[in-house]
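Q: What follows is a single structure, and I will ask about it in a moment.
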Amino acid sequence: MQVGIIGAGSLARAVAAVAINQGHDVMVSNTRGPETLFSLVESIGCTAGTPEEAAAFGDIALVAIPLKAYHTVPVAQVEGKIVLDATNYHPERDGHIDELDRDEITTSDLVARHLPNRRLSRRLTRSPLPTSRATDCPRVGPGEGPSPSPGDDAVAKKVVAELLDELGYDTVDAGPLVEGRRFQKNTPAYCIPMDFRGLQATVYNTFNPLAPRRTPLAAPDAR
Numbered sequence: 474m475q476v477g478i479i480g481a482g483s484l485a486r487a488v489a490a491v492a493i494n495q496g497h498d499v500m501v502s503n504t505r506g507p508e509t510l511f512s513l514v515e516s517i518g519c520t521a522g523t524p525e526e527a528a529a530f531g532d533i534a535l536v537a538i539p540l541k542a543y544h545t546v547p548v549a550q551v552e553g554k555i556v557l558d559a560t561n562y563h564p565e566r567d568g569h570i571d572e573l574d575r576d577e578i579t580t581s582d583l584v585a586r587h588l589p590n591r592r593l594s595r596r597l598t599r600s601p602l603p604t605s606r607a608t609d610c611p612r613v614g615p616g617e618g619p620s621p622s623p624g625d626d627a628v629a630k631k632v633v634a635e636l637l638d639e640l641g642y643d644t645v646d647a648g649p650l651v652e653g654r655r656f657q658k659n660t661p662a663y664c665i666p667m668d669f670r671g672l673q674a675t676v677y678n679t680f681n682p683l684a685p686r687r688t689p690l691a692a693p694d695a696r
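Here it is in structure tokens:
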């Protein structure tokens with residue numbers, strides 16, 4: 474599979490390295506130009522490009538940039554593609570976004586509104602860690618666990634889940650995209666390592682102000 478990564482920070486680099494180790498083709502990008510990524514290209518064997526080139530390259534496009542820059546994600550190049558959203562809202566970095574502060578939308582709603590003709594899945598709130606199964610270590614080890622996964626496109630969620638499974642992630646199906654509010658910043662599941670059942674129960678039990686009648690989620694079960 475070809476994975477185009479929009480962003481070149483720590484999460485983008487970690488995903489790129491693990492994906493390449495699993496035999497995928499990866500292009501990483503930033504807005505400063507591919508020439509600034511020469512050391513990453515040499516160290517992990519990815520290619521580098523502009524955000525437009527990475528978006529066009531990927532069968533899946535991973536958005537791993539500060540949320541304040543979501544409007545820089547190329548629109549035409551991801552049309553009809555699966556987009557994996559890894560943005561997180563940090564007002565101290567991104568500035569205050571009124572709709573998010575008022576709990577009117579989720580971070581992925583912002584990205585989805587910017588990319589109207591895409592198949593968006595919301596996952597990855599943290600990087601793959603050394604205990605990832607992709608490094609032949611236990612799937613759930615110290616400091617590592619599954620990733621919650623809301624999305625409105627069932628096929629896209631399945632494709633992304635299969636990719637993340639190769640990268641060492643279990644995934645907890647969190648329902649439709651609006652349920653991403655259950656693990657945004659300042660929620661019990663945000664960037665807190667836990668096992669599959671623990672994350673499933675935590676996401677299920679977290680209040681979502683965007684869904685007052687609560688979209689039914691599968692009851693927590695053992696795995």
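Start counting the sequence shown at 474; every next residue gets the next number (the numbering used here). By construction, the Cβ of each residue, glycine as well, lies at the ideal position given by its N, Cα and C atoms. Fair warning: this is a prediction, and the values are worked out from it, not measured in the lab.
(1) Within this structure, are the beta carbons of Arg592 and Ile555 separated by less than 9 Å?
(2) Does the stretch 517 to 527 come into contact with the stretch 487 to 503, if we say contact requires no fewer than three beta-carbon pairs (one atom in each stretch) closer than 8 Å?
(3) Answer with yes or no whether the minimum CB distance from Gly482 to chain B is below 9 Å.
(4) Out of Thr660, Leu640, Thr644, which has the shortest C-alpha to C-alpha gap to Gly496?
(5) Can you tell me whether Gly653 is helix, strand or coil according to DSSP?
(6) My parser needs the beta strand (DSSP E) runs of 3 or more residues fully inside the stretch 614 to 645; what are they?
(7) So Val499 is in the beta strand (DSSP E); what residue range does that whole segment cover?
(8) Flag this pair as touching only if the stretch 568 to 586 and the stretch 529 to 547 have three or more C-beta atom pairs under 8 Å; answer yes or no.
(9) Tell me whether Thr644 is buried or exposed, calling it buried when 16 or more other Cβ atoms sit within 10 Å of its Cβ.
(10) With DSSP run on the structure shown, which of helix, strand or coil describes Gln475?
(11) Select from Pro621, Leu650, Ala549, Glu526 the residue whose C-alpha is nearest the C-alpha of Ile665.
A: Short version:
(1) Translated into the one-based positions of the sequence shown, residue 592 becomes position 119. Translated into the one-based positions of the sequence shown, residue 555 becomes position 82. Between Arg592 and Ile555, the gap from beta carbon to beta carbon is short of 9 Å.
(2) The stretch 517 to 527 vs the stretch 487 to 503: in contact.
(3) The chain inventory of the structure shown lacks chain B, comprising one protein chain alone.
(4) Working through the sequence shown from its first residue, we reach residue 496 at position 23. Looking from the CA of Gly496, the closest CA among Thr660, Leu640, Thr644 belongs to Leu640.
(5) Position 180 of the sequence shown holds residue 653. Correct three-state label for Gly653: helix.
(6) The stretch 614 to 645 is shown to contain whole beta strand (DSSP E) runs of 3 or more residues at 620 to 622, in chain order.
(7) Residue 499 sits at position 26 when you count from the first residue of the sequence shown. Counting along the chain, the beta strand (DSSP E) containing Val499 begins and ends at 498 to 502.
(8) With the cut-off at 8 Å, the stretch 568 to 586 and the stretch 529 to 547 touch.
(9) Reading the sequence shown from its first residue, position 171 is the one you call residue 644. In the assembly as shown, Thr644 is a buried residue. Its beta-carbon has 16 or more other beta-carbons within 10 Å.
(10) Counted from its first residue, the sequence shown places residue 475 at position 2. For Gln475, the secondary structure class from DSSP, reduced to helix, strand or coil, is strand.
(11) In the sequence shown, counting from the first residue as 1, residue 665 sits at position 192. Per the Cα distances, Pro621.
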